[in-house]
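Chemist: Residue numbering for the sequence shown follows the UniProt record's numbering, beginning at 1 and increasing consecutively.
For each residue, glycine too, the CB sits at the ideal point set by N, CA and C.
Bear in mind the structure is a predicted one, so any value in this text is a computation, not a measurement.
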Amino acid sequence: MKIAENVYGYRTAIANIAYIAGLGETKEEWVLIDTGVPFSAPFILKNSKKLFKDKKPLAIILTHAHFDHIGALQTLVREWDVPVYIHEKEMSYLESEKKYPPPTPFKEKGMMSFLSPLYPRDGIAFHSNIKVISAEDSLYFLEGWKWLHTPGHTDGHISLFREKDGLLLAGDALITVRQESLFAVLMQKKEIHGPPAYFTPNVETSFTSIEKLLALDPHILYTGHGMPMYGKEIKEGINQLLYQHSTENLVKGN
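1) Considering only their Cβ atoms, is the gap separating residue 141 from residue 24 smaller than 9 Å?
2) With 16 as the cutoff for other CB atoms within 10 Å, does residue 135 come out buried or exposed?
3) Determine whether the beta carbon atoms of residue 56 and residue 81 lie at a separation below 9 Å.
4) Considering only the alpha carbon of each residue, which of 187, 130, 159, 17 lies closest to residue 85?
5) Can you check DSSP and say which residues form a bridge with residue 2?
6) Which partner residues of residue 162 appear in the DSSP bridge assignment?
7) What does the Cβ neighbour count give for residue 32, buried or exposed, with the cut at 16 atoms within 10 Å?
8) Measure the alpha-carbon distance for residue 181 versus residue 205 and round it to whole angstroms.
9) Quick test of your reading: residue 152 and residue 203, contact by CB under 8 Å. State the CB separation rounded to the nearest angstrom.
10) Here's a check: name, in chain order, each residue in its chain whose Cβ is nearer than 8 Å to the Cβ of residue 190, leaving out the five neighbours to either side.
11) If you draw a straight line from the C-alpha of residue 173 to the C-alpha of residue 209, how long is it?
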């Protein structure tokens, strides 16, 4: 699925990945953003070959290390032997030095929330090929893009933004489907939401990150879950989300 110029999306069961193309001196290089759910490697490899023939990516960039974003990582690195970029605050989770906090299945109603205690919280003891995202120029090969630290959903979550057309690859910092609901996930009804509530331990920090993303004035939005969105529906949706959150805080007395 084409999202915008030189950017393609692909859904692996419940989570999206993205391809950024048109890179390098020849404009024929590409990178992969996230690696989807477990057992999705054959499908990612097949789709990559369709898009880029036998050319392997310059790198794999991880928005964070939840199981549905690193599922095919080990297989893809064995196949391609490319560097893997992840934020320094996320490395300990990827390497299984830490576990993510337990989910909160009843924070938001829905079958996906109810099932969340079954989702893996461990990393994959992955240690090879890792490159740390810390400095502004960490992703120097992404010409025309910048990365932003967008914590809340996880400590080291990042998002990517291309200024020339306002394209935001948000990861799970905000999403375009109500991920707590199995029905919404199956139907892929477009609606802007905060990160999946059952796996977001620091909600207030996540909304600070959402405000940071709104300030970019994105015109194209592709997230870790849900369909792409375009134009005014993005700003309207984010503003509605922020208003709803602030109203709930007032009611709670926060």
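Modeler: On the basis of the data shown:
1) In contact: residue 24 and residue 141 (Cβ atoms closer than 9 Å).
2) Residue 135 counts as exposed, since fewer than 16 other C-beta atoms from the protein chains shown sit within 10 angstroms of its C-beta.
3) With contacts defined by Cβ atoms closer than 9 Å, residue 56 and residue 81 form a contacting pair.
4) Relative to residue 85, the option among 187, 130, 159, 17 whose CA is nearest is 130.
5) Looking at the DSSP output, residue 2 bridges to 8.
6) Residue 162 is bridged to 145, 167.
7) Buried, because 16 or more other Cβ atoms sit within 10 Å of the Cβ of residue 32.
8) Cα-Cα distance, rounded: 23 Å.
9) Contact check for residue 152 and residue 203: beta-carbon distance about 7 Å, within the 8 Å limit, so the pair qualifies.
10) Only 176, 177, 226, 227, 229, 233 meet the Cβ criterion.
11) Going by the C-alpha atoms only, they are around 7 Å apart.
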